[in-house]
């Protein structure tokens, strides 16, 4: 039978209300050895994800590992995106094995988990596989993750995808939360984030608005 097309969005698309974002170990010690993505691009993507999540009211958990004794503070881009938000520090490499993190996941009560952090092959794979095993849906923002080599990052992404995780990118995350340019209440938020940290796409928005007064959806 021929399926009937409707305007109902796909169930796998994220909404601001249906998931918890966990930002993991964006710290100096991890970043020093990250080679799979340029540090400037990584910081821009992390800022984009953090600002998008905070702006849309997404539930978020921010976590570090050995922040005061070894790894250093969370990136300024994360702290600035979530002013006043507490950082949960851990000893475990696997975020999902930390009792405080799991308690917060349960308190927030979202069945979808979105992950971003350093390194992909350790601190992202471990919670991704653990959450999947316990029945959660898992999304991984691939370009807001990094590893010690392209090989390490790519194999980690493949391993998670094979287990059922869904990959996405930072800009995709922002635009998936907005989804419709007619949503005027978050239009300026979305285009503002894109203009500041959205790379060439943001330059295009600035150009169109400056030269032609363009406005999506109008």
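In the working numbering, the protein residues as written are 1 to 218. All C-beta atoms in this analysis are idealised placements derived from N, C-alpha and C, irrespective of residue type, glycine included. Quick caveat: nothing in here was measured; it's all calculated off a predicted structure.
Straight-line spacing of the CA atoms in residue 130 and residue 119 works out to 16 Å.
For the alpha helix (DSSP H) assignment, the uninterrupted runs of no fewer than 4 residues enclosed by the segment 171 to 212 are, from N- to C-terminal side, 187 to 197 and 199 to 212. Between the beta-carbon of residue 115 and that of residue 22 there is about 5 Å, and that keeps the pair under the 8 Å contact cut. In the DSSP assignment, residue 30 falls within the unbroken alpha helix (DSSP H) covering 28 to 32.
Within the segment 95 to 132, the complete alpha helix (DSSP H) runs of at least 4 residues fall at 99 to 108. Counting along the chain, the unbroken beta strand (DSSP E) around residue 24 starts and ends at 19 to 24. A direct Cα-to-Cα measurement between residue 60 and residue 5 gives close to 34 Å. Contact between residue 74 and residue 126 does not hold, since their C-beta atoms are separated by about 19 Å, which reaches or exceeds 8 Å. Taking 8 Å as the upper bound for CB-CB distance, residue 141 and residue 49 are in contact here, some 6 Å apart. Bounds of the alpha helix (DSSP H) holding residue 159 are 150 to 163. Going by DSSP, residue 44 is part of no beta strand (DSSP E) but of the alpha helix (DSSP H) stretching over 39 to 55.
Around the C-beta of residue 210, fewer than 16 other C-beta atoms lie within 10 Å, and the residue is accordingly described as exposed. Of all C-beta pairs linking the segment 35 to 49 to the segment 159 to 174, three or more are shorter than 8 Å, placing the two stretches in contact.
With a contact defined as Cβ atoms closer than 8 Å, residue 63 and residue 90 qualify at about 6 Å. For residue 74, the beta-bridge partners assigned by DSSP are 27.
Exclusion of the five residues before and after residue 149 leaves 35 and 36 as the residues of its chain whose Cβ lies within less than 8 Å of its Cβ. Exclusion of the five residues before and after residue 31 leaves 39, 42, 75, 118 and 146 as the residues of its chain whose Cβ lies within less than 8 Å of its Cβ.
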